[in-house]
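Here's the structure, in structure tokens; my notes come after.
Number of protein chains: 2
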Amino acid sequence: MDKNILGNNVITQIGILVHDIEKTSQAYADFFGIDKPDWSMTDTADIAQTEYRKQPTQARVKLAFFDMGSLQLELIEPDHNPSTWREYLNEHGEGPHHIAFVINGMKGKVAMMERNQMPLLQKGEYTGGRYAYMDTFNDLKIILELLEND
Amino acid sequence: MDKNILGNNVITQIGILVHDIEKTSQAYADFFGIDKPDWSMTDTADIAQTEYRKQPTQARVKLAFFDMGSLQLELIEPDHNPSTWREYLNEHGEGPHHIAFVINGMKGKVAMMERNQMPLLQKGEYTGGRYAYMDTFNDLKIILELLEND
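Chain order of the listed sequences is R and H.
So the first sequence is numbered by numbering that gives the first Met the number 0: it starts at 0 and just counts up by one.
So the second sequence is numbered by numbering that gives the first Met the number 0: it starts at 0 and just counts up by one.
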């Protein structure tokens, strides 16, 4: 395996799949004594340009973010279009989906990981940046998300 | 639900279940360009006083820790005695098991959570402290570990 592929090892986010973002957001807010954040919907496919397993998809999710120390906990409620979110939720039920790292040079990082048998699972754009979910299960036993902010 | 039960919302650890701690530790070390830590074995039952679902158990695990920003990533290879580690690994396969928070007053926190329909799943002692895994799946969609250090 190539070494130090990301260039950092700072976990910036943990993502958790849920069926009902309103209900689970309220539970987190109550349990931790913090305000319930509003959820937001990811962009439509024309803007997000989401690709899942190399195919364009209309998939969107509702997202809610909680600051939990130095990292964010992200709740994710997927729709029923094909995506890593929907597939993983169907297969594993509610629970942790990924840990995320901020990187520079998305194309290069994705290419290097694919050369190391860590395939691109899904990618998309958001306002101010882009993400890629990498299938690192074989080596790291979890999905890794790369985040690049412009 | 009682509010702000833990008294903080700082994730201090994420725990990942693995079948082969040597192999996965090496993969993490290579991928992130850091030294492979030695694993350690948890204490025997006479010291750890492990209880799983209210019953004493001989269960032990191999643990390896990685500093990943402000939190630790913990790899866990369980033995085959009854434990939340073994049960979860058998049911879900390798992957994330819990997120952990440092708390004060273990008995009080566990009692308050149990009053809020978040049952104690497993507890035990380690040198300098103790832990409790709480079944918070219904509300928070993940197992929570409480850590109390003396």
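Ideal placement from N, C-alpha and C gives every residue a C-beta, glycine not left out.
Less than 8 Å between CB atoms is the rule here; does residue i satisfy it with respect to chain H?
| i | result |
| --- | --- |
| ALA58 (chain R) | no |
| MET167 (chain R) | Nothing in the structure corresponds to residue 167 (chain R), since chain R is present only between 0 and 149. |
| ILE13 (chain R) | yes |
| ILE75 (chain R) | no |
| ILE46 (chain R) | no |
At a Cβ threshold of 8 Å, is residue i touching chain R?
| i | result |
| --- | --- |
| MET105 (chain H) | no |
| TYR27 (chain H) | yes |
| PHE31 (chain H) | yes |
| LEU139 (chain H) | yes |
| ILE102 (chain H) | no |
Alpha carbon to alpha carbon, what distance is there between residue j and residue i?
| i | j | result |
| --- | --- | --- |
| MET111 (chain H) | LEU74 (chain R) | 25 Å |
| ASN115 (chain H) | LEU5 (chain H) | 12 Å |
| SER69 (chain R) | GLN12 (chain H) | 12 Å |
| HIS79 (chain R) | ALA44 (chain R) | 14 Å |
| TRP84 (chain R) | GLN121 (chain R) | 10 Å |
| ASP138 (chain H) | THR23 (chain R) | 6 Å |
| LYS2 (chain H) | GLU93 (chain R) | 23 Å |
| GLY104 (chain H) | GLU113 (chain H) | 14 Å |
What residues of chain H sit near residue i, judged by a beta carbon separation below 8 Å?
| i | result |
| --- | --- |
| ASN148 (chain R) | Ordered by position in chain H, no residue passes the 8 Å Cβ test against ASN148 (chain R), which lies about 16 Å from the chain. |
| MET0 (chain R) | ALA26, ASP29, PHE30 |
Whole-angstrom Cβ separation of residue i and residue j, contact assumed at under 8 Å?
| i | j | result |
| --- | --- | --- |
| ARG52 (chain H) | THR41 (chain H) | The Cβ separation is near 18 Å, so there is no contact. |
| VAL9 (chain R) | GLU76 (chain R) | That pair is no contact at about 26 Å. |
| GLY123 (chain H) | THR49 (chain H) | 4 Å |
| ILE141 (chain R) | ILE20 (chain H) | At roughly 15 Å, the Cβ-Cβ gap does not stay under 8 Å, so ILE141 (chain R) and ILE20 (chain H) are not in contact. |
Using a Cβ cut-off of 9 Å, pull out every chain R residue sitting near residue i, in sequence order please.
| i | result |
| --- | --- |
| LEU5 (chain H) | PHE30, PHE31, GLY32 |
| ASN8 (chain H) | TYR27, PHE30, PHE31, GLY32, ILE33, PHE65, ASP66, MET67, GLY68, LEU72 |
Quick one: which chain H residues come within Cβ less than 9 Å of residue i?
| i | result |
| --- | --- |
| HIS91 (chain R) | HIS91, GLY92, GLY94 |
| THR23 (chain R) | ASP138, LEU139, LYS140 |
| ILE20 (chain R) | The premise fails here: ILE20 (chain R) is roughly 11 Å from chain H at the closest Cβ pair, so nothing lies under 9 Å. |
Anything in chain H within Cβ reach of residue i, meaning under 7 Å, just list it in chain order.
| i | result |
| --- | --- |
| VAL17 (chain R) | LYS140 |
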